[in-house]
Amino acid sequence: MTNPSPRAERAVALATEAGRRLGLRADEPRVLHDVFSVLVHLAPDPVVVRVPTLAVADPAELAGKQRRELAVAGWLADSGAPVVGPSPLVPREPVEAGGTSMTFWEFVTETDPLRDLPQDDPAALEDRFAEQTGWTAELHTALAGYPGDLPVLSPLVPAIGTALEGLRTDPQSLTTADLDRAEREYAALEALVADFPARFPRARLQALHGDSPAYNLLRTAGGHRFADFEDVTRGPVEWDLTFTGPRGIEAYERASGTRVDRELLDLMEGARLLQGLSALTLAPKVPELGAMLAPMVEQWRARTPLTLKNL
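Each residue of the sequence shown is one higher than the last, beginning at 758 in the working numbering.
Below is the structure:
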């Protein structure tokens, strides 16, 4: 990556420092990705460090979230599931440096990346996501056996509530009416999470990837690998299937042999839009984020508001 951002430069320094403390060489660190987190490959070792540069959680909360991620991804990797697992070269635990904590992962060489698809060919993109959504059924089957405890829909509650508190102080592009509606919707989601079975008795809650696994997948010479379990949580599979499109849902149903609840999927998509809106709280640190999220905010405004009645 040319011309790294200041946050990426700092992430490289922190990852290199932490890696060398753990016995890695880290002679040729390079940035692979720089958005919400910075991914640093500590070449020549096959290790990638994820450095959270925009985390809004306090350090203890962030470390707890990272421990859940490492536990789930590590368990999946040990079980033979197609995931990018924790690096076997360091202990499976968050590593502190410079006032933040980071996690260490396998380095995987990606083939046929999404960015190489023709971006002006919607059919090709739809084909890709339909196929990858079908593969998500395999991941869900593996996750259903996870024996550990996980919070229910933690990317929504309390994460959105914390973000909305910040947006009251610095609302970005949101109006007072937007914020009032967002807070009402969040209150409805809090009630749902508090007693999910009462409102959706047929839904089966299980361990989930938490952040659209069909979008967080690497194709490699050895097959596909799911990655980025930062938002691992417990909930209905519909949360992982938001905005994968009708063909993706059909592919998932064929692969899983189970029916996706369209009503619950629609609700989860409304919640996903509210989550996107809440990400505006990060815009002061990532100025381009406002423009990136603008279509999602407009889509949220056009939807019928979430209420306890329609939950």
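Using N, Cα and C, we set each Cβ at its ideal position, and we do this for glycine too. Given the structure is predicted, the values throughout are model-derived calculations rather than measurements.
Query	Result
Backbone secondary structure at D791 - three-state DSSP	strand
Three-state secondary structure assigned by DSSP to L907	coil
Neighbour flag for H790 against chain C, beta carbons, 7 Å	No chain C is present in this structure, which holds just one protein chain.
Environment of Q876 [buried if 16+ CB atoms lie within 10 Å]	exposed
Sequence-distant residues of its chain with Cβ nearer than 7 Å to L949 (five each side left out)	R956, L1068
Cβ neighbours of S836 in the same chain (closer than 7 Å, five flanking residues each side left out)	A899
Coil, strand or helix - A772 by DSSP	helix
Helix, strand or coil at F716 [DSSP, three-state]	Coverage of the chain is limited to positions 758 through 1068, which leaves residue 716 absent and any answer about it impossible.
T857 burial status per 10 Å Cβ neighbour count (16 or more: buried)	buried
Unbroken alpha helix (DSSP H) run spanning S1035, endpoints	1019 to 1035
Extent of the continuous alpha helix (DSSP H) run through W1057	1046 to 1059
Straight-line gap, V852 to T866 (C-alpha atoms, nearest Å)	24 Å
H798 - DSSP class collapsed to helix/strand/coil	strand
Classification of P870 by the beta-carbon crowding that lies within 10 angstroms, buried from 16 upward	exposed
Opposing strand residues paired with Q963 [DSSP bridges]	G992
T990 versus S969: straight-line alpha-carbon distance, rounded	12 Å
Extent of the continuous alpha helix (DSSP H) to which A951 belongs	933 to 951
Segment contact flag, the region 1001 to 1021 with the region 973 to 992, C-beta cutoff 8 Å, min 3 pairs	no
First and last residue of the uninterrupted beta strand (DSSP E) at R976	974 to 977
Sheet register partners of E785 (DSSP bridge)	A800
Distance between beta carbons of L913 and A770, contact taken as under 8 Å	With a Cβ gap of about 34 Å, A770 and L913 do not count as contacting.
CB-CB length for P786 against V795, believed under 8 Å	Incorrect: roughly 11 Å between the Cβ atoms, too far for contact.
Nearest-angstrom beta carbon gap, V847 and F861 [assumed within contact, 8 Å]	5 Å
Given 8 Å, three or more beta-carbon pairs between the region 877 to 889 and the region 911 to 927	no
Test item: CB-CB of A743 and L1030 under 7 Å	This structure cannot speak to residue 743, because the chain is shown only from 758 to 1068.
Endpoints, beta strand (DSSP E) assigned at S858	857 to 863
Exposure label - S844; buried when at least 16 CB within 10 Å	buried
Of the listed residues A768, L907, E766, nearest to G821 (C-alpha basis)	L907
From A964, N973, L974, A854, residue whose alpha carbon lies closest to that of V994	A964
CA nearest to the CA of V829, picked from L819, D815, L811, R849	R849
CB contact flag (A854, A775, <7 Å)	yes
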